[in-house]
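Residue numbers (our numbering), protein chains in the order written: chain A, 14 to 112; chain B, 14 to 112.
No residue lacks a Cβ here, since even glycine has one placed at the ideal position from N, Cα and C.
Written out below as C-alpha cells is the structure these notes cover.
2 protein chains.
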Amino acid sequence: MSIFGGKWKPIILNCIGESSLRFGKLNQLMPAISNKVLSNELKELETLGLIERKEFKESPQRVEYSLSDSGKSLMPVLHEIASWGNSNQAKKIVTEMVK
Amino acid sequence: MSIFGGKWKPIILNCIGESSLRFGKLNQLMPAISNKVLSNELKELETLGLIERKEFKESPQRVEYSLSDSGKSLMPVLHEIASWGNSNQAKKIVTEMVK
DNA sequence: AATACCGGTAACCTGTAGGTTACTACAAAT
DNA sequence: ATTTGTAGTAACCTACAGGTTACCGGTATT
Chain A
14 MSIFGGKWKP IILNCIGESS LRFGKLNQLM PAISNKVLSN ELKELETLGL
64 IERKEFKESP QRVEYSLSDS GKSLMPVLHE IASWGNSNQA KKIVTEMVK
Chain B
14 MSIFGGKWKP IILNCIGESS LRFGKLNQLM PAISNKVLSN ELKELETLGL
64 IERKEFKESP QRVEYSLSDS GKSLMPVLHE IASWGNSNQA KKIVTEMVK
C-alpha cells in the first residue's frame, strides 16, 4: 500500500485508466489538486514505474501520461477496493464518520 | 482507503483474521508497534466498526479483539492487495525502491 | 513587444500520523 | 507488603505528506 497509497495516487491512476492524459487535463479532472502536488505525484508514479510520461515535441508543449504494464496490473486491485467502498458495510462506516 | 489505510490497520486486521486475539498477543505478533499506537489503532478500528472488543471479567484482566462483519468483508480486499504485492510487477518496484 | 498557452518549479508553511518513554489501575499470588 | 500479569494512558516530540502562492521558460499568435 505504500506503493499506490496516499491521498492522490489511486485517484490519478483511476483517472488515467486506459487513456493517455495531458497534465492540464488531469488538473482539470481533479480541480482540488494543485500544480505542484500533481507534478510531484506524477513524478513519483513514474519513478515507481506505474505510469509512463511521453513528451511530444510540439508547441505549445504537450506531455501525456498513461499507465505502464505495472500500473495496468494494479487496476483490478483498485477496482476491488472501490467496490468494497461502495458496499453496504463500508457505507455504514462512512455515514457514521460524517456524523 | 482512508478507512483501512495507514501504517498498521491492514496489518492488525490481517493478524486478527478469523481468530480472537488479546492485546498482549497482538503486541507480540507485531513487536515493532508500541503500546500506545496499538491501543490507538484498536480504538479506531473499533470505532470504525471493523473489529469488536470483548472484555472478560477475569483476573488478570483479559480483552479479546476479533473482526466484525464489516471487518470480515474487508479481508478479500486485503488479500487482493497482498497478492498484488507478491506479483512480479510489484516486486520489481520494491527492489527498485530499495536500491 | 506583449500576451497567452502549457507544463511545470521555488520557497515556504502546517497538521497530524506515528513514535518514545514512563507511568497507572486492578486483582492475585508470594 | 511487594511483586507479577495484563491492558492500557499521559505527556511529549518530530518528520513529512500535502498544501499555498507566486514565478519560470519555451513557442506561437496578435
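query: Beta carbon proximity, LEU26/B to chain A, threshold 8 angstroms; result: no
query: Buried versus exposed call for ALA103/B [16 or more other C-beta atoms within 10 Å across all chains shown]; result: buried
query: Segment contact flag, the segment 17–28 of chain B with the segment 53–71 of chain B, C-beta cutoff 8 angstroms, min 3 pairs; result: yes
query: Simplified DSSP assignment, three categories, for PHE69/B; result: strand
query: CB contact check: LYS105/A to chain B, cutoff 8 angstroms; result: yes
query: Assumed close pair LEU61/A, ILE16/B - CB separation to whole angstroms, cut-off 8 angstroms; result: Incorrect: roughly 23 angstroms between the Cβ atoms, too far for contact.
query: Cβ neighbour criterion (16 or more within 10 Å) applied to MET110/A; result: exposed
query: CB of SER81/A within 8 angstroms of CB of LEU63/A, strictly; result: yes
query: CYS28/A versus PHE36/A - alpha carbon distance; result: 12 angstroms
query: MET43/B versus SER86/B, LEU26/B, GLU31/B, GLU68/B, residue with shortest Cα-Cα distance; result: LEU26/B
query: Contacts that TRP21/A makes with chain B (C-beta to C-beta distance below 9 angstroms); result: What TRP21/A touches in chain B: nothing, since even the nearest Cβ is about 11 angstroms away.
query: Supposed contact pair SER32/B and SER86/A - C-beta distance, whole angstroms, cut 8 angstroms; result: Not confirmed; about 32 angstroms, so no contact.
query: Integer Cβ distance of GLU93/B from VAL90/A, believed to fall under 8 angstroms; result: 5 angstroms
query: Terminal residues of the alpha helix (DSSP H) in which GLY83/A lies; result: With the sequence shown as reference, residue 83/A is identified as Ser, and Gly is not the correct amino acid for it. Taken as a continuous stretch (DSSP letters only), the alpha helix (DSSP H) holding SER83/A covers 82–98.
query: Contact list for ILE94/A against chain B, beta-carbon separation under 7 angstroms; result: MET14, VAL90
query: Best match in TRP97/B, GLY84/B, THR108/B, ALA95/B for proximity to GLY98/A [C-alpha to C-alpha]; result: GLY84/B
query: Rounded separation between GLU65/B and GLU57/B - CA only; result: 11 angstroms
query: Min CB distance SER79/B to chain A below 8 angstroms; result: no
query: Start-to-end residues for the alpha helix (DSSP H) that takes in LEU42/A; result: 36–42
query: Amino acids of chain A, ordered along the chain, whose beta-carbon sits closer than 7 angstroms to that of LEU61/B; result: ILE106
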